[in-house]
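Going by the UniProt record's numbering, the residue at position 73 of the sequence shown is 73; the numbering climbs one at a time, nothing skipped.
Glycine is no exception: its CB is placed at the ideal position from the N, C-alpha and C atoms.
Okay, so here's the structure we're looking at.
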Amino acid sequence: MFIGEYSCSVDTKGRLMLPAKFRELLNEENFYITKGVNGQIDLYNLENWEEIVQKLSKVRQTDEKATKFKRFIIGSAQEIELDSHGRLTVTSTLKKYAELSKKATVIGMGNKIEIWDSEKLDIYREDEDINEIMEEIDIDF
C-alpha cells in the first residue's frame with residue numbers, strides 16, 4: 001500500500017526520484033503512468049493498473065461519457081520503468097498536463113501514487129475544508 005507524502009526535484013529531462021519506500025513497493029520492472037483527474041499524474045503497479053483497465057473495459061462503447069473517460073485514462077497511459085538510478089522519466093505530454101516544474105510532491109494514495117507540481121498542489125489544497133469533505137462523503141473516524 002502506498003502511503004505518505006514526499007517532496008522531490010524534477011530535472012530538466014523530466015526525471016524524478018521516487019521515495020525509497022515507493023520503489024520497494026513497485027518491485028516490478030515496469031509500471032504505468034497516466035493523467036489523473038485533478039491535474040496530477042497517477043502511477044500504478046501492474047496489479048492495480050490491470051484492475052483499472054478491467055473496470056474500464058466493461059463500459060459500453062455507446063456510452064459517450066464513459067468512453068471519453070476511458071480514453072482520458074487509458075489513452076494517456078504509458079508503461080515505464082525506473083532507470084539504473086531509481087528515477088522515472090515523465091513523458092513530455094504528461095509533464096505538460098500536470099504542469100510539472102522543478103519541485104514535485106509525491107503522494108501515496110493506497111492503490112496508486114500521485115505526482116503533483118508542488119505549487120499546483122498548494123493552490124489545489126487552498127480550498128480544502130476537510131471537515132466539510134468528511135461530512136459530504138459521510139465518513140467518520
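Express the C-alpha separation of H85 and residue 142 in angstroms, rounding to a whole number.
Residue 142 lies beyond the stretch modelled for the chain, which goes from 1 to 141, so this question has no answer here.
Would you call the CB atoms of I80 and V53 closer than 8 Å?
No, Cβ-Cβ distance for I80 and V53 is not below 8 Å.
Taking the alpha-carbon positions, what's the K95 to E136 distance?
Per the coordinates, the alpha-carbon of K95 lies some 32 Å from the alpha-carbon of E136.
Closer than 8 Å by C-beta to G110: which residues in its own chain qualify, once you throw out the five before and the five after it? Chain order, please.
Taking G110 as the centre and dropping the five residues before and after it, the same chain places the C-beta of M1, F2, I3 closer than 8 Å to its C-beta, in chain order.
Three-state secondary structure (DSSP) at N104?
Reading the sequence as shown, one finds Ala at residue 104 and not Asn. Strand, per DSSP.
Secondary structure of T91, DSSP reduced to three states
Collapsing the DSSP output to three states places T91 in coil.
For the region 19 to 36 against the region 102 to 116, do three or more pairs of beta-carbon atoms, one drawn from each stretch, fall closer than 8 Å, so that the two count as touching?
A contact between stretches requires three or more CB pairs, one per stretch, nearer than 8 Å, and the region 19 to 36 meets this requirement with the region 102 to 116.
When you compare each of E119, R125, D138, V106 to L16 by their alpha carbons, which one comes out closest?
Considering only alpha carbons, the answer is V106.
Buried or exposed: where does I41 fall if 16 or more other Cβ atoms within 10 Å of its Cβ makes it buried?
Taking all protein chains shown into account, I41 has 16 or more neighbouring C-beta atoms within 10 Å of its C-beta and is therefore buried.
Considering only residues of the same chain and omitting the five flanking positions on each side of V59, which have a CB-CB separation below 7 Å?
Excluding positions up to five away in sequence, the list reads A66, T67, K70.
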